[in-house]
Amino acid sequence: MTATSDLHTGTPDHGPDLLSEMLKAVRLTGSVFLNACFSAPFGVVAPKYYDPVSPMACLRHISIFHFIVAGNCTFEAANGERREVTAGDLLFLPFAGHHRFWKGEPLVMAAAGEIVQPGRIEGMWTVNYGGGGDELRMICGFLESSEFLFAPVFRTLPALIVEKMSENKIGALIASTVREIDLHVAAAAPGSQAMLGRLMELLFVELLRRHVARLPPGSKGWFAALNDPIVGRTLQLLHADPARHWTVGQIADKVGSSRTIVAERFNALLGRPPIEYLTGWRIQLAGERLRFGHESLASIAAGVGYQSEAAFSRAFKRVTGITPGKWRERTGRRAGFALESASP
């Protein structure tokens with residue numbers, strides 16, 4: 312992927328690509344599930360796909376994309392934020408909460424799941440709905456991932472991100488990716504779903520890169536930490552060697568600062584001390600290995616920096632609330648789950 316901007320202006324050039332590390336850890340997948348045409352007047356209410364208090368919240372995080380291919384409408388996110396959107400706009404909802412969109416003065420707001428029909432591609436649905444007036448064409452996609460066990464990274468994103476393709480500042484990669492998605496949806500050729508999945512993942516990564524690059528000074532959270540020269544470098548060290556028995560003093564020596572400054576800046580941006588973050592990152596890595604692999608607990612414990620299986624089990628239960636064995640049993644049954652309903 313070609314970078315559109317230098318996102319880590321304050322951090323050293325060496326060390327792991329933290330954004331890629333995070334996305335790899337949450338096992339990102341995606342695809343397109345709806346090709347829709349609406350005609351004014353119309354109004355549609357889409358359901359909530361992701362519930363942070365559900366039993367599967369730690370296993371799955373659903374985000375939604377809407378591409379406005381033609382026409383315009385009013386869009387309202389779950390938090391009440393309202394935007395006028397038009398052809399060329401890309402809408403991203405990181406949390407996939409309830410949302411609605413309309414044009415004109417519809418008599419009713421239709422439930423999205425009640426107006427969809429099967430499309431030509433398996434897993435892709437279609438809609439042709441409305442009063443027969445001006446048309447809105449929309450393509451909808453989803454992204455699914457495992458949420459961070461120890462830090463809900465995605466929940467530091469805004470409830471709604473809108474990229475306008477009509478603006479010169481839009482990244483060329485985003486614009487070209489959206490065009491490719493539109494072409495594959497229209498073609499409905501064999502292999503389209505596989506291609507659409509890769510394109511959705513590429514689009515998501517580029518949106519996150521742009522989000523990081525545009526964060527204003529003083530921002531907090533994991534994405535803002537990538538831009539901080541001290542905290543960003545600290546994260547690089549911890550992610551590059553999570554099994555090492557780090558101390559704040561060792562980290563401070565590596566980043567060329569004092570223990571006090573490292574601890575204070577890290578806590579200010581991420582809301583936790585560096586070593587507590589490291590524990591969480593170790594448990595994140597271990598949780599994925601338990602979920603998708605067949606390694607022994609002793610092997611996983613050693614791989615993430617614990618000298619004994621007992622110490623690892625205590626730390627794992629402290630973070631997740633259950634033992635590693637129970638985690639493997641519960642999550643292994645669900646590891647292959649995909650989006651349960653392909654309707655919008």
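With our numbering, letter number 309 in the sequence shown gets 620, and the count goes up by one each step, no holes.
Think of the CB as a built atom: it goes at the ideal place given N, C-alpha and C, for glycine as much as any other residue.
Being a predicted model, the structure only gives us computed values, none of them experimental.
Taking residue i as the reference, which of the options has the closest Cα?
| i | options | result |
| --- | --- | --- |
| W436 | G444, G532, V427, G614 | V427 |
| A407 | A470, A421, S503 | A470 |
| F353 | A388, K335, A421 | A421 |
| I373 | T467, E455, D328, A497 | E455 |
| A535 | E587, K414, V496, V464 | V464 |
| E474 | A498, A505, T590, L514 | L514 |
| V630 | Y440, Q595, H605 | Q595 |
| L329 | A351, E392, G508, H550 | H550 |
| L345 | C451, G424, G442, I379 | C451 |
| L581 | S350, I541, E599, P553 | I541 |
| W413 | P429, R431, I379 | I379 |
| L484 | F453, M449, R521, T340 | R521 |
| G560 | D552, T545, G604 | T545 |
| G441 | C384, A486, R466 | C384 |
| G543 | R570, F577, A554 | F577 |
| F453 | H377, E517, A499 | H377 |
Going by DSSP, what residues sit across from residue i in a beta bridge?
| i | result |
| --- | --- |
| P658 | Since the first residue of the chain shown is 312 and the last is 655, residue 658 is not available in this structure. |
| W413 | G354, T385 |
| N346 | T437, I450 |
| I373 | E455 |
| K393 | The sequence given here places Arg at residue 393; Lys does not occur at that position. Paired residues: E387. |
| L401 | F378, E474 |
Report the three-state DSSP secondary structure of residue i (helix, strand or coil).
| i | result |
| --- | --- |
| M506 | helix |
| L339 | coil |
| M420 | coil |
| T467 | helix |
| I633 | coil |
| D552 | coil |
| F406 | coil |
| V566 | helix |
| V615 | coil |
| N538 | coil |
| E512 | helix |
| W557 | coil |
| M585 | The sequence shown places Pro at residue 585, not Met. The answer is helix: DSSP assigns P585 an H, G or I state. |
| G598 | helix |
| H495 | helix |
| M367 | With a pLDDT of 43 at M367, under the threshold of 50, the modelled position of this residue cannot be trusted; read the value that follows with caution. Coil. |
| H605 | coil |
| A486 | helix |
| A524 | helix |
| K628 | helix |
| A500 | coil |
| S610 | helix |
| S530 | coil |
| G543 | helix |
| G442 | coil |
Could you check if residue i is buried or exposed, using at least 16 other CB atoms within 10 Å of its CB as the buried criterion?
| i | result |
| --- | --- |
| M333 | buried |
| E433 | exposed |
| W638 | buried |
| I572 | exposed |
| S342 | buried |
| T558 | exposed |
| P585 | buried |
| E395 | exposed |
| G636 | exposed |
| P528 | exposed |
| H410 | buried |
| D400 | buried |
| V419 | exposed |
| P405 | buried |
| A388 | buried |
| E599 | buried |
| S331 | exposed |
| N538 | buried |
| C369 | In this prediction, C369 has a pLDDT of 49, which is less than 50 and means its spatial position is unreliable; nothing more can be read from the coordinates. |
| L468 | buried |
| L494 | exposed |
| P366 | The predicted position of P366 is uncertain, since its pLDDT is 42 and thus under 50; no value can be drawn from it. |
Determine, using beta carbons only, whether residue i comes closer than 8 Å to chain B.
| i | result |
| --- | --- |
| A613 | Given the protein chain composition of this structure (a single chain), no chain B is represented. |
Shorter than 7 Å, the distance from the beta carbon of residue i to the closest heavy atom of the ligand PLP, or not?
| i | result |
| --- | --- |
| G354 | Among the components modelled here there is no ligand, and therefore nothing to report on the ligand PLP. |
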